[in-house]
Amino acid sequence: MRVQVHLGERSYPIEIGHGLIGNAALLGPYIAGQQVAVVTNSTVAPLYLERLQQSFPDRCVVDVFVLDDGEQYKTLESYTAILDFLMQHRHNRSTTLVALGGGVVGDITGFVAATFQRGVNYIQIPTTLLAQVDSSVGGKTAVNHPRGKNMIGAFYQPVCVIADMDTLATLAEREFVAGLAEIYKYGVIWDAKFFDWLEDHVVDLRAKDAKVLQRAVQTSCEIKARVVAEDEREQGLRAILNYGHTFGHALETVTEYKQLLHGEAVAIGMVLAADCSERHGLIASGDAARIERALSAAGLPTRLPRGVGASAMFDAMGMDKKVVDGKLRLVLAERIGSVKIVDAVNTSAVLQTLGNER
Ligand SMILES: NC(=O)c1ccc[n+]([C@@H]2O[C@H](COP(=O)([O-])OP(=O)(O)OC[C@H]3O[C@@H](n4cnc5c(N)ncnc54)[C@H](O)[C@@H]3O)[C@@H](O)[C@H]2O)c1
Ligand SMILES: [Zn+2]
């Protein structure tokens, strides 16, 4: 199954299916020269590296850089270490970088690819559900700065994305469920029929039924690809992908990134955003409740954890990069399947949402 991302000369395919990592015929055409550098991490390498190494063309010399596992390694230090490695192994302009792993590996490898020799070929092989439906698609690359997530980065598109659904079999259940949050997000922001379908197939989805999962990943990629094709650099429309994320990021900040996975925070954020949308006279209360029920059925949290106060959340939201010219800007839902960017939100409505004991 293939989804195309249409970006003129930077267009590329997302290949979605089973057994793709070991498929030499699939990978071969995207490798230009004779050098390949695989970047992966210490968890993913033992699981999938060997299979991947067998699918490179015979002419290639393949070097492998293994990162330690964790968001705390998505740093300039790791970035520099990978650059040093490429220099040491004499990689040139025609090398191909391959990111094998979740969003952390993908984001950092993408940023190396964007900047090494002013930009080299790179392939994303996402191995988490979140990476398959979100971070590997759309060309955002970054590392973190001690004072802020994703503060250093570039827009840089891969030459292809290979989403091998087989990799999800080894993914921790909690990581898998967290990835579902972004899938539901696509339904809320873009496609009411997809949202209905997700509601109807939640049991199969959670059981990782091959057909259902593949369709969910494919539809998610199609929606993200369409949004990115219209607004690659987030001048406007692309911001809708941040639905639930201003609340979600604030929650991650307030809980110091220790308590919740990103997708879990986003699930709670989507429910808060729906409540806030209702307070702005947008989404009907029945639809807001439906979003909460659907996320809950998917196994996601939907309420602020105990001890997280409204004012701490509100302050953290003020620090978010979605604040434009001192006004809080939010993506709010008009109904399931349609959102809009509201430039000057009613801050008392936001506070009510945060303080609301539902
Ligand atoms: N570029 C973008 O547009 C974008 C979008 C969303 C998120 N992100 C970034 O993505 C990152 C989060 O990505 P993530 O959720 O994939 O986290 P992650 O990369 O940390 O992966 C989660 C965990 O799963 C492990 N893992 C990966 N694949 C596995 C597999 N197949 N089997 C077993 N374990 C596996 C990893 O080693 C890690 O421990 C964040 O840094 C976030 O900023 C980027
Ligand atoms: Zn997200």
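With the working numbering, the residue at position 323 of the sequence shown is 1641, and numbering never jumps. C-beta: ideal position from N, C-alpha, C; glycine also.
- [ ] Starting from the C-beta of Phe1429, find all residues in its chain whose C-beta is less than 8 Å away, skip the five residues before and the five after it, and write them out in chain order.
- [x] Result list for Phe1429: Tyr1397, Thr1459, Ala1460, Val1461, Ile1470, Gly1471, Ala1472 and Tyr1474, in chain order.
Task: Top-ranked residue by Cα proximity to Leu1418, from Asn1468, Arg1377, Ala1432 and Pro1364 - done: Pro1364
TODO: Take the Cβ of Gln1322 as the centre, count every other Cβ of all protein chains shown within 10 Å, and call the residue buried at 16 or more, exposed below.
DONE: exposed
- [ ] Could you tell me whether the region 1347-1356 touches the region 1368-1387, where touching means 3 or more Cβ pairs closer than 8 Å?
- [x] yes
TODO: Please confirm whether any heavy atom of ligand 1 lies closer than 8 Å to the CB of His1580.
DONE: Result yes, Cβ under 8 Å from ligand 1.
Open item on the list: Could you check if Pro1444 belongs to the surroundings of ligand 1, using beta carbon to heavy atom distance under 8 Å?
Closed with: yes
- [ ] Please report how far the alpha carbon of Leu1401 lies from the alpha carbon of Ile1586, in whole angstroms.
- [x] Rounded to the nearest angstrom, the gap between the Cα atoms of Leu1401 and Ile1586 is 38 Å.
Task: Minimum length 4: unbroken alpha helix (DSSP H) runs contained in the region 1538-1594 - done: 1563-1572
Task: Per-residue DSSP class, three states only, for Gln1406 - done: If DSSP states are grouped into helix, strand and coil, Gln1406 belongs with the helices.
Open item on the list: Quick check: does the Cβ of Lys1448 come within less than 8 Å of any heavy atom belonging to ligand 2?
Closed with: Note that residue 1448 corresponds to Leu in the displayed sequence, not to Lys. Flag set: Cβ of Leu1448 near ligand 2.
- [ ] Report the rounded CA-to-CA distance for Ala1496 versus Gly1581, giving the unit in angstroms.
- [x] 4 Å
TODO: For Gly1636, collect the residues of the same chain with a Cβ closer than 8 Å to its Cβ; drop the 5 residues on either side in sequence, then sort them by chain order.
DONE: Closer than 8 Å at Cβ, skipping near neighbours: Leu1646.
Task: Sequence-distant residues of the same chain with beta carbon closer than 6 Å to Ala1615, five excluded per side - done: Val1520
Open item on the list: Just to confirm the assignment, what range does the beta strand (DSSP E) spanning Leu1600 have?
Closed with: Premise fails: Leu1600 is in no beta strand (DSSP E) and is neither H nor E.
Open item on the list: At the level of alpha carbons, what is the spacing between Ala1510 and Ala1607?
Closed with: 15 Å
Open item on the list: Which residue wins for smallest C-alpha separation from Ser1595, given the options Leu1650, Gly1644 and Gln1450?
Closed with: Leu1650
TODO: Between the Cα of Ile1654 and those of Asn1664, Pro1623, Cys1478 and Ala1591, spot the shortest distance and give me the residue it belongs to.
DONE: Ala1591
- [ ] Please name the residue or residues paired with Asp1482 in a DSSP beta bridge.
- [x] Gly1335
- [ ] Could you tell me how far apart the beta carbons of Thr1445 and Val1362 are, in whole angstroms, since I believe they sit closer than 8 Å?
- [x] 6 Å
TODO: Report, in whole angstroms, the separation of the C-beta atoms of Phe1512 and Thr1537, which I expect to be a contact under 8 Å.
DONE: 5 Å
- [ ] List the whole-angstrom C-beta distance separating Ala1612 from Leu1516, where the pair is believed to meet the contact cut-off of C-beta under 8 Å.
- [x] 7 Å
TODO: Starting from the Cα of Val1380, find the closest Cα among Gln1532, Arg1524, His1463 and Gln1371 and give me that residue.
DONE: Gln1371
- [ ] With a cut-off of 8 Å on the beta carbons, I'd call Leu1447 and Leu1394 a contact; round off their distance for me.
- [x] About 28 Å; that fails the 8 Å criterion.
Open item on the list: I'd like to confirm the pairing. Which residues does DSSP put opposite Val1649 in its beta bridges?
Closed with: In the DSSP output, where bridge partners are listed per residue, Val1649 has Ile1659.
- [ ] Consider the Cβ of Val1461: report whether some Cβ of chain B lies at a distance smaller than 9 Å.
- [x] No chain B appears in the structure shown, which is made up of a single protein chain.
Open item on the list: Contact between the region 1323-1332 and the region 1529-1549 is defined here as three or more beta-carbon pairs at a separation below 8 Å; is this criterion met?
Closed with: yes
Open item on the list: Closer than 8 Å to a non-hydrogen atom of ligand 2 - does that hold for the CB of Val1584?
Closed with: yes
Task: Arg1676 versus Leu1523: straight-line alpha-carbon distance, rounded - done: For Arg1676, the pLDDT reaches just 49, beneath the cut-off of 50, and the residue's location in the model is therefore unreliable, leaving the point undetermined.
TODO: Could you work out which residue in Leu1672, Val1572, Val1455 and Gly1673 is closest to Val1479 when comparing CA atoms only?
DONE: The residue with the shortest Cα to Cα distance from Val1479 is Val1455.
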